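Note that this note's numbering has the sequence shown beginning at 3, numbered continuously upward.
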Amino acid sequence: MNKDYLEFCDEVSNHPHNSIHTDQVIHRKILWDLKYGAWISGAKIMLAQCLTGAASLLICPQFHLGLTSQKYVMHTFHHSLGPEGCMVACGAIFLGSGALLGMLLLRRDEIQRLRFSFIGSFLLIALFAIFTFIILGAEVYFKEGLWWILGAFVTPTLIFLIDKSIRGKTLDYLGAASLKIK
3 MNKDYLEFCD EVSNHPHNSI HTDQVIHRKI LWDLKYGAWI SGAKIMLAQC LTGAASLLIC
63 PQFHLGLTSQ KYVMHTFHHS LGPEGCMVAC GAIFLGSGAL LGMLLLRRDE IQRLRFSFIG
123 SFLLIALFAI FTFIILGAEV YFKEGLWWIL GAFVTPTLIF LIDKSIRGKT LDYLGAASLK
183 IK
């Protein structure tokens with residue numbers, strides 16, 4: 003028993019003297035993550051969407067901005083899919099590329115933080131984008147706009163769910179592999 007007491011005293015003496023400071027640092031980090039973490043994650047998604055959205059407008063013939071404005075490539079694409087399919091594909095490319103880049107930028111904990119608001123966020127981004135297009139002078143018809151929103155909403159949602167599944171399975175596999183090594 004005396005030996006156990008001496009070991010306990012050694013452990014207490016080895017305890018870091020700045021544990022109060024360490025506790026305060028951890029407490030501040032947790033408060034910061036809770037207060038600003040969702041905003042930073044959302045900003046990463048918006049940054050990804052702005053970058054990929056601007057890039058995808060380079061292939062959009064509607065605004066005559068980009069690479070296909072005077073060519074028949076996109077018109078062939080439009081005629082082969084039909085107007086509805088083309089609008090779904092355009093929405094999928096516009097917001098799907100942003101979701102894909104966003105998934106690469108976000109850490110696993112940030113994705114977990116956004117899991118409840120992610121799907122609704124992309125619906126709001128799709129609505130914001132289509133209203134921005136209208137303000138910029140695009141001729142958006144109601145029926146085609148709904149098809150575009152469908153593609154712009156479904157694709158990021160699927161990318162989010164697939165990414166979440168892949169990351170979960172990868173981490174499960176890595177966790178199982180690390181248990182086997184020990």
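Even glycine gets a Cβ: it sits at the ideal position worked out from N, Cα and C.
Keep in mind the model is a prediction, meaning the values are calculated, not measured.
Assigned with DSSP and collapsed to three states, A45 falls in helix.
Apart from sequence neighbours up to five positions away, the residues of its chain that approach K46 with a beta-carbon distance below 8 Å are G104, L107, L108, E112, ordered along the chain.
Apart from the 5 residues on each side of it in sequence, H80 sits with its Cβ closer than 6 Å to the Cβ of C88 in its chain, given in chain order. Between G122 and E9, the alpha-carbon positions lie close to 56 Å from each other.
In the three-state reduction of the DSSP assignment, R109 falls in the coil class, being assigned neither a helical nor a strand state. In this model, V142 and S43 are separated by some 31 Å (Cα to Cα).
A check of alpha carbon separations from C92 across S119, F120, I61, R117 identifies I61 as the nearest. Secondary structure at C62: coil, using DSSP grouped into helix, strand and coil. By the beta-carbon neighbour count (other beta carbons within 10 angstroms, threshold 16), T78 is exposed. Excluding its 5 nearest sequence neighbours in each direction, L102 has C-beta neighbours in its own chain below 7 Å: I161, listed in chain order.
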